[in-house]
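For what it's worth, the UniProt record's numbering labels the leading residue of the sequence shown as 1, then goes sequentially.
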Amino acid sequence: MKIEFLGTGGAIPTPRPLCFCHICKEAREKGVPYSRGGPSVYVHGPNVLIDTSEDIYTEINRSTITSIDGVLFSHWHPDHVMGRRVLESISADWKRYPPQPNTLDVFIPEQVWCDFQERLGTFDHLSFFKEQHFISTHEIKDGDTVTINDVAITPFRLAEDYVYAFLFQSQGKNVLIAMDELNGWEPPAWLPALDVAVLPKGLDPIHLSTGERMIPDHHPVLQEECTFEQTLEIVRNLQAKQTILTHIEEEDKLSYDDLVVIEEQLKEKGIELSFAYDTRLVTI
Ligand SMILES: [Zn+2]
Ligand SMILES: [Zn+2]
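Take a look at the structure:
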């Protein structure tokens with residue numbers, strides 16, 4: 001398996017439109033790895049796309065992806081679904097008549113299936129794609145595993161139980177990919193030893209380089225979202241051979257160069273991890 005980070009930004013990508021902070025200016029001038037598109041990941045081997053951020057067209061076009069054999073959605077949030085029209089752009093064949101059954105399979109975990117019916121019109125939009133023969137949809141019930149190209153993929157709920165992480169298992173390798181929302185999560189005892197863990201970075205109440213306070217102490221978001229410190233605790237508990245953090249918010253005000261320094265500082269403290277950047281390819 002290979003993991004390709006298509007977009008490593010968070011709810012607000014970098015550069016943020018109309019923001020002229022030094023992080024966004026640098027991202028505009030230099031592009032990747034300083035710029036970060038919305039959150040999407042591709043796994044080579046099973047050839048699956050996880051989530052469709054609004055930047056997904058650009059992200060796929062600049063990637064090494066040659067085919068998609070399955071699409072997974074982790075949860076309903078807009079930063080993870082709003083590029084869903086790409087499914088039509090990939091599959092539509094206006095000229096063929098009668099229409100051929102499409103082959104783009106979309107897999108949706110049980111709670112996400114429910115939430116899509118209530119939120120952002122996603123179910124309605126996917127139903128339109130189905131009617132037009134662009135996609136097929138498949139609900140994955142909790143506890144079920146789907147196998148795509150001989151890779152077993154098991155979605156499971158995080159503590160924020162409308163959000164799923166995915167365990168990929170193939171040829172003795174175990175890969176965990178959690179796209180977002182680790183708040184309150186503790187790794188369950190049933191998780192196997194991990195070769196790779198991909199996790200969202202978490203918020204920084206204090207700027208990681210300057211020590212400046214970024215989020216007021218009593219801000220409710222600190223109860224609702226996992227912080228970077230809490231993420232490090234999860235990293236220690238998981239003990240994956242390799243840990244890669246993604247979903248890096250513009251509001252953290254950290255450039256690619258800052259994160260390289262932070263990786264080194266953490267290493268000195270005995271914490272081995274790295275930060276993802278757009279287009280990064282990791283072979284397992
Ligand atoms: Zn997100
Ligand atoms: Zn900015």
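We treat Cβ as the ideally placed atom computed from N, Cα and C, and that holds for glycine.
Inter-residue CB distance, residue i and residue j (contact presumed, cutoff 8 Å)
{"i": "residue 285", "j": "H80", "result": "What the structure shows of the chain is the stretch from 1 to 284, and residue 285 is not part of that stretch, so it cannot be assessed."}
{"i": "V32", "j": "T279", "result": "5 Å"}
{"i": "residue 289", "j": "A178", "result": "What is shown of the chain runs 1 to 284, which leaves residue 289 out entirely."}
{"i": "G10", "j": "T52", "result": "Not confirmed; about 15 Å, so no contact."}
{"i": "I140", "j": "I108", "result": "7 Å"}
{"i": "L182", "j": "C226", "result": "4 Å"}
{"i": "I65", "j": "S255", "result": "With 8 Å as the limit, I65 and S255 do not qualify as a contact, their Cβ atoms being about 27 Å apart."}
Three-state secondary structure (DSSP) of residue i
{"i": "F129", "result": "helix"}
{"i": "I12", "result": "coil"}
{"i": "E163", "result": "Looking at the sequence provided, one finds Val at residue 163 rather than Glu. In the structure shown, V163 sits in coil (DSSP, three-state: anything other than H, G, I, E or B)."}
{"i": "I262", "result": "helix"}
{"i": "T137", "result": "strand"}
{"i": "K269", "result": "coil"}
{"i": "I90", "result": "helix"}
{"i": "E250", "result": "helix"}
{"i": "D105", "result": "strand"}
{"i": "T145", "result": "coil"}
Cutoff 7 Å; reference residue i; Cβ partners in own chain excluding five residues on either side
{"i": "L266", "result": "L273"}
{"i": "P78", "result": "L120"}
Cβ-based neighbour list, residue i, same chain, cut-off 8 Å, excluding 5 preceding and 5 following
{"i": "S63", "result": "E4, L6, Y42, T279"}
{"i": "Q100", "result": "D93, H133"}
{"i": "Y162", "result": "H75, W76, Q111, V112, D115"}
{"i": "P187", "result": "I234, N237, L238"}
{"i": "L208", "result": "F228, D252, L254, D258, I262"}
Same chain, Cβ closer than 6 Å to residue i, neighbours up to 5 away in sequence not counted
{"i": "P46", "result": "I148, N149, V151"}
{"i": "V106", "result": "V71, I135, T137"}
{"i": "T122", "result": "V81, F116"}
* To do: Identify every run of the alpha helix (DSSP H) within the stretch 48-84, keeping only runs that are complete inside it and at least 4 residues long; order them along the chain.
  => 56-61, 78-81
* Asked: Are three or more beta carbon pairs between the stretch 94-101 and the stretch 164-175 nearer than 8 Å?
  -> In short, these stretches do not touch, since the Cβ pair count stays below three.
* Residue ranges of each alpha helix (DSSP H) run of no fewer than 4 residues wholly in the stretch 14-47, ordered along the chain? -> 22-30
* To do: Mind listing, in chain order, the continuous beta strand (DSSP E) runs of no fewer than 3 residues lying wholly within the stretch 211-239?
  => As far as the stretch 211-239 is concerned, it has no whole beta strand (DSSP E) run of at least 3 residues.
* Ignoring anything shorter than 3 residues or poking outside the stretch 152-211, list the beta strand (DSSP E) runs there in chain order. => Look at the stretch 152-211 and you find these whole runs of beta strand (DSSP E), each 3 residues long or longer: 164-170, 173-178, 196-200.
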